[in-house]
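I have placed the structure first, in the form of structure tokens, so that the comments after it can refer back to it.
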Amino acid sequence: MSRIITPPNPSPLNGEFRSAKPDHSWWRFRLRPNVDGHIAVIEALPKGSDLTNAKALSYEIFDGCDDIIDAGFDKPVGAVRVIYREGIDHCVDILSVDAPSQSPLWQKITLPGEPHPDDN
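Laid out in structure tokens, this is it:
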């Protein structure tokens, strides 16, 4: 299970960092449920805090890896979109130079510098 770690405000999870960068592409991971049927675990950090006083947010995805995806502290990731489509599929799209984690399930969905497909 990899973890996307982001500051709470402004958070790339809310779409504030959407602009495509010349060397960044959008990468998609289709969220897969775990054995309990959950597609992700969202947690305010440090543990015990809530969204109003969190120092960071953790969004854990079940990708078969154990990677930390930095989305806003040192900013190797330019943006994150979590897309929930009722009855279809759910995915996480990340703007990054390379695949965000070691999982082979990440799919490159744009060429470098292109906008997110939902922005066209």
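Numbering of the sequence shown is given in this note's numbering, commencing with residue 130 and proceeding in unit increments. Idealized CB from N, CA, C, for every residue including glycine. Here the structure is a predicted model, which means the values were calculated and not measured.
For K150, tell me which candidate among I238, P229, L224 has the shortest Cα-Cα distance. Here residue 150 corresponds to residue number 21 of the sequence shown, with the count starting at 1. Per the Cα distances, L224.
D199 - DSSP class collapsed to helix/strand/coil: Start at 1 with the first residue of the sequence shown, and residue 199 comes out as number 70. Strand at D199.
Can you grab the Cα-Cα spacing for the pair W156 / D218, in whole Å? One-based indexing of the sequence shown puts residue 156 at position 27. One-based indexing of the sequence shown puts residue 218 at position 89. Each residue's alpha carbon lies about 16 Å from the other.
P229 classed as buried or exposed, judged by whether at least 16 other C-beta atoms fall within 10 angstroms: Within the sequence shown, numbered from 1, the residue matching residue 229 stands at position 100. Label assigned to P229: buried.
CA-CA distance, F191 and Q231? Here the question's residue 191 lines up with position 62 in the sequence shown. Here the question's residue 231 lines up with position 102 in the sequence shown. The alpha-carbon atoms of F191 and Q231 are separated by roughly 12 Å.
K184 to G242, Cα distance in whole Å? Taking the first residue of the sequence shown as position 1, residue 184 is located at position 55. Taking the first residue of the sequence shown as position 1, residue 242 is located at position 113. Computed Cα separation, rounded: 31 Å.
Let me check one thing: in DSSP terms, what residues is D165 bridge-paired to? In the sequence shown, residue 165 corresponds to position 36, counting from 1. Note: D165 sits in no beta bridge, so no partner.
Is D222 helix, strand or coil when you go by DSSP? In the sequence shown, residue 222 corresponds to position 93, counting from 1. The answer is strand: DSSP assigns D222 an E or B state.
Let me check one thing: in DSSP terms, what residues is F158 bridge-paired to? Along the sequence shown, read from residue 1 onward, the residue named residue 158 stands at position 29. According to DSSP, which records beta bridges pairwise, F158 is partnered with V221.
Since D199 contacts I134 with CB under 8 Å, what's their CB separation in whole angstroms? Working through the sequence shown from its first residue, we reach residue 199 at position 70. Working through the sequence shown from its first residue, we reach residue 134 at position 5. At roughly 6 Å, the Cβ-Cβ gap stays under 8 Å, so D199 and I134 are in contact.
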